[in-house]
Amino acid sequence: MFDVLVIGGGINGAASAAALSAAGAKVALVEARDFAGFTSSESSNLIWGGIKYLETLEVALVRKLCLGRNKLMRAYPEAIKETRFLAVVDRKSRFPAMFLWLGAWIYWWLGNRFTRKPRYLSRHDIASEETIVKAANLTGGLMYSDARLVDGDARFVLNLVKKAIGFGAMTINYLAVTRLQREPGGTWTATVVDGVTGRESCLQARFLVNAAGPFADELNRQAQFETSTHHVFSKGIHLVVDRITDSNRVLTFFADDGRMFFAIPLGDKTCIGTTDTPVESPLTRVSDADRKFVLDNINNCLNLATPLTKDDILTERCGVRPLAMARSREYKTGQWLQMSRKHVLQASEKLGMVSIFGGKLTDCLQIGGEVCGALSNFGCQLQMGKWYGEPGLKSRDRFAARLREVIQIPEQNIDLPWDRLWRMYGVGAIEILESILSENRGAELVIRPAKICRAELELIRNQEMVVTLEDFLRRRTLLAQTHGLSELASMPGIRAACEVLFGNQAEQRYEEYFQMHPPIEIQSSHTNKNINAKVEVVRKP
88 MFDVLVIGGG
98 INGAASAAAL
108 SAAGAKVALV
118 EARDFAGFTS
128 SESSNLIWGG
138 IKYLETLEVA
148 LVRKLCLGRN
158 KLMRAYPEAI
168 KETRFLAVVD
178 RKSRFPAMFL
188 WLGAWIYWWL
198 GNRFTRKPRY
208 LSRHDIASEE
218 TIVKAANLTG
228 GLMYSDARLV
238 DGDARFVLNL
248 VKKAIGFGAM
258 TINYLAVTRL
268 QREPGGTWTA
278 TVVDGVTGRE
288 SCLQARFLVN
298 AAGPFADELN
308 RQAQFETSTH
318 HVFSKGIHLV
328 VDRITDSNRV
338 LTFFADDGRM
348 FFAIPLGDKT
358 CIGTTDTPVE
368 SPLTRVSDAD
378 RKFVLDNINN
388 CLNLATPLTK
398 DDILTERCGV
408 RPLAMARSRE
418 YKTGQWLQMS
428 RKHVLQASEK
438 LGMVSIFGGK
448 LTDCLQIGGE
458 VCGALSNFGC
468 QLQMGKWYGE
478 PGLKSRDRFA
488 ARLREVIQIP
498 EQNIDLPWDR
508 LWRMYGVGAI
518 EILESILSEN
528 RGAELVIRPA
538 KICRAELELI
548 RNQEMVVTLE
558 DFLRRRTLLA
568 QTHGLSELAS
578 MPGIRAACEV
588 LFGNQAEQRY
598 EEYFQMHPPI
608 EIQSSHTNKN
618 INAKVEVVRK
628 P
């Protein structure tokens, strides 16, 4: 019997599980796919205050998001980096450059002046500082700051899941809830099916948290929770291409429809997007119209020797934003972009259930706190403590001490991305160093182009619940987001990595991945059906 069953392993579920388990609750977190296997791995990887919401005068929302951004930047100084955004304004823009510059100052003040100051740029300044941008038709621009997730959204979510595990939570991916039953005594029984083995079992809990993202409405129906809020869906896509600028800024433009769209650093590539179009179902994919929209707009804004085409697309990201909307309202097509992006929590003390609608990476800490508050009101005994953030100075000093030992190993020239290892794994990076010190092969580069060593792969295998090769390539690393399928297939070390991760199932997992991803048309990760593979896999918590 658990105190709380959290259903959904995206950002909302991961934050809820970490906050609740840190507060002393006995928590189970289940996810039908991989952790961050749907919406939470298809974002723009930005931690931002939502400057665009000033246009709809959602000042309170912007204030909350800015404070949430600041809190995350303090807690994750390595994983979340302040990033300069260069926003350019052309003659067709709805707003003059000076007006936007004034808005950027308001934005800066709403964020308690936490980041670097905004700066106005003339057309000539832009042409000088960012030569890739077409400056001829510009009236000016501005530089302001927000932040981004250096290693991607899925890694951030996974590290919150690992926080929950550290506080005693049970977390299982590829475990789908197929039935919910409210028992006479007031507890919940959830029937769950293992997507790998097909086995059915039951979990019991006193309270239920619905963090199923775009599938939350269906889960509420199963639980017979009649809410006054429901979801509508907005599709957002990104195209990943070779790096278009070395400045490490986010380039911000206004698309043909007046929306902001971005060119964002992603590893050593550039991620371009996003779209914002209403769809009926969360199960969607990139269309030719989506590709044309993004490519046409970016080509209109950049000085490229050759315009980008579909052939330049390395990978694609496609997801839906579940937007919270009152059932008493109906959106009109022309008002779609003005819909609020606020999250909503609805709680039923009678059912002992909390349902989360909407949500963003930036307000995950707020959501975790609100879920704890709601369950406390239901009688769940919680003592709030610190449940997020990177390791402290003592752990960092231990890492530095171990690193000095590794560097001094005689007759070895070990060249590994130490900053990345610390950023991604925290205290786990110390285990990687200890493995290198104790094993002759620990420092061996298995995937040489990405500088992924055997000790890192062993840590991923033992601690990060990898079930499929896609889990590793797409969500534990950025490899499948920054390399095309043919490049991955020919990349030295992928098969060897499979052997470390999956043992005697290595060849099966390798073939499974490349057969499920067609070589011609790029697919978004959530069209992969390999969660139904009837293969026994050990998932280590």
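Heads up: the sequence shown runs through residues 88 to 628, numbered per my numbering.
Beta carbons: idealized from backbone N, C-alpha and C, even for Gly.
These numbers come from a predicted model, not from an experiment.
Residue i burial status per 10 Å Cβ neighbour count (16 or more: buried)
i           : result
residue 123 : buried
residue 176 : buried
residue 90  : buried
residue 510 : buried
residue 480 : exposed
residue 268 : exposed
residue 591 : exposed
residue 614 : Confidence at residue 614 is low in this model, with a pLDDT of 34, below 50, so the placement of that residue is unreliable and no value is reported for it.
residue 453 : buried
residue 185 : exposed
residue 398 : exposed
residue 409 : buried
residue 395 : buried
residue 313 : exposed
residue 376 : exposed
residue 223 : exposed
residue 447 : buried
residue 472 : exposed
residue 393 : exposed
Own chain partners of residue i with C-beta closer than 6 Å, once the 5 adjacent residues on each side are dropped
i           : result
residue 607 : Summary for residue 607: the model assigns pLDDT 40, below 50, so the residue's position carries little reliability; its value from the coordinates is reported in the next sentence. Nothing meets the Cβ criterion.
residue 291 : 88, 274, 276
residue 278 : 265, 266, 289
residue 207 : 188, 229
residue 259 : 117
residue 567 : 560, 561
residue 352 : 335
residue 404 : 129, 325
residue 261 : 282, 283, 554, 618
residue 132 : 235, 236, 239, 240
Neighbourhood of residue i by C-beta distance below 8 Å, restricted to the same chain and skipping five residues each side
i           : result
residue 502 : 538
residue 521 : 489
residue 315 : 413, 414, 415, 433
residue 105 : 247, 248, 250, 251, 254, 256, 455, 474, 475
Whether residue i touches residue j by CB criterion (8 Å)
i           : j           : result
residue 217 : residue 154 : no
residue 358 : residue 381 : no
residue 167 : residue 134 : yes
residue 321 : residue 369 : no
residue 263 : residue 282 : yes
residue 441 : residue 461 : yes
residue 355 : residue 569 : yes
residue 600 : residue 551 : no
residue 518 : residue 165 : no
residue 102 : residue 247 : yes
residue 469 : residue 115 : no
Same chain only: Cβ atoms within 7 Å of residue i, ignoring 5 sequence neighbours per side
i           : result
residue 533 : 539, 540, 541, 544, 580, 583, 584, 587
residue 411 : 316, 318, 429, 430, 431, 444, 445
CB-CB length for residue i against residue j, believed under 8 Å
i           : j           : result
residue 136 : residue 233 : 6 Å
residue 530 : residue 523 : 5 Å
residue 195 : residue 205 : 6 Å
Any C-beta of chain B under 8 Å from that of residue i
i           : result
residue 519 : Absent from the structure: chain B. Only one protein chain is present.
Residue i beta carbon near the ligand FAD (any heavy atom closer than 7 Å)
i           : result
residue 137 : The model on display carries no ligand, and the ligand FAD is accordingly not part of it.
*asked:* My parser needs the beta strand (DSSP E) runs of 3 or more residues fully inside the segment 361-392; what are they?
replied: 364-366
_Extract the residue ranges of the alpha helix (DSSP H) inside the segment 166-245, only unbroken runs of 4 or more that lie entirely within it._
184-197, 210-216
*What are the complete beta strand (DSSP E) segments, minimum 3 residues, inside the segment 242-321?*
257-259, 262-269, 275-281, 287-297
_Give the list of continuous beta strand (DSSP E) stretches no shorter than 3 residues that lie fully inside the segment 428-455._
431-435, 440-444
*Can you check the segment 471-537 for any alpha helix (DSSP H) of at least 4 residues that lies completely inside it and give the ranges in chain order?*
480-494, 505-512, 515-525
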